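In the UniProt record's numbering, the protein residues as written are 1 to 209.
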C-alpha cells in the first residue's frame, strides 16, 4: 500500500460491509504488519489471517543464525533515540528500518555512543530477485551507500561470552559504568536510599503496615 494507511483501512472497512475483501501483505500480517490495524478496525472475529514466513524469519534463515533469543524492534516511523539504552541488555537484535532510520544511520548512531562491538547483517529485498544479504562491522556500515530501503538489520555482539548485566538492588557504586567524570554518580549512595526509607516509614505511620 502507498499513501495514507488510515484512509486505506477505512476503505477496506467500508468494502467489507457488503463484500469479501482480500488484502495481500508480505510475511506475517500480525507481526509488525497491517493485520493488527485491520483487526482493530473491523474486529478479529470478521477477519481470517493466512500468514507466510515473516521477513524476520527469512532474515535469520539467510544468515544461518537461530533467533529464539533475539529481540525484535521496529524503528519504522519511530524515533531512534533510546536504542542504545535498549541494547545494554541485549546481545542479538533484529530491526525493522525505514528511509530515515536506515542501516547506515543506525550504525552511525551506535558509533556515536562508542557501541562498536557489533556485527551487522543487512538483509535486503528478501524473497525477490534482487535479494541481497551482506555482513558489516559498524564502521563499514556507517559509510555504506545504496542499501535497498526494503531491509531488515540484524545486530549480534562480537563478544560471545557477553552476558546481560544483572538487575540487582544495592549494587556497589564501583560496579556501575559512569559517564560523569571524576565524581561518578551525582547523588551519593547514602541519599539514594533515603526516599525509599522515608516512604516505608510514612506507610507504617499512616496505615500501620
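For each residue, glycine too, the CB sits at the ideal point set by N, CA and C.
Bear in mind that the values here come from a model prediction, so they are computed numbers and not experimental data.
Same chain only: Cβ atoms within 6 Å of residue i, ignoring 5 sequence neighbours per side
| i | result |
| --- | --- |
| residue 12 | 21 |
| residue 132 | 124 |
| residue 162 | 91 |
| residue 70 | 92 and 94 |
| residue 134 | 122 |
| residue 31 | 54 |
Proximal residues to residue i (C-beta, below 7 Å), its chain only, five neighbours per side dropped
| i | result |
| --- | --- |
| residue 41 | 9 and 13 |
| residue 59 | 94, 123, 126, 152 and 154 |
| residue 77 | 98 |
| residue 159 | 117 |
Where residue i sits in the DSSP three-state scheme
| i | result |
| --- | --- |
| residue 124 | strand |
| residue 130 | coil |
| residue 119 | strand |
| residue 136 | strand |
| residue 15 | helix |
| residue 24 | coil |
| residue 241 | Here the chain covers residues 1 to 209 and nothing more, so residue 241 does not appear. |
| residue 30 | coil |
| residue 45 | helix |
| residue 161 | coil |
| residue 36 | helix |
| residue 10 | helix |
| residue 241 | A query on residue 241 cannot be resolved here, the shown segment of the chain reaching from 1 to 209 and no further. |
| residue 112 | helix |
Test item: CB-CB of residue i and residue j under 8 Å
| i | j | result |
| --- | --- | --- |
| residue 97 | residue 126 | no |
| residue 164 | residue 116 | no |
| residue 56 | residue 72 | yes |
| residue 84 | residue 123 | no |
| residue 120 | residue 154 | yes |
| residue 66 | residue 157 | no |
| residue 147 | residue 104 | yes |
| residue 53 | residue 82 | no |
Residue(s) in a DSSP beta bridge with residue i
| i | result |
| --- | --- |
| residue 95 | 73 and 153 |
Residue i classed as buried or exposed, judged by whether at least 16 other C-beta atoms fall within 10 angstroms
| i | result |
| --- | --- |
| residue 141 | buried |
| residue 15 | exposed |
| residue 118 | buried |
| residue 29 | buried |
| residue 113 | exposed |
| residue 100 | exposed |
| residue 106 | buried |
| residue 17 | exposed |
Own chain, CB closer than 8 Å to residue i, minus 5 neighbours either side, in chain order
| i | result |
| --- | --- |
| residue 25 | 33, 34 and 35 |
| residue 47 | 35, 38 and 39 |
| residue 111 | 138, 139 and 142 |
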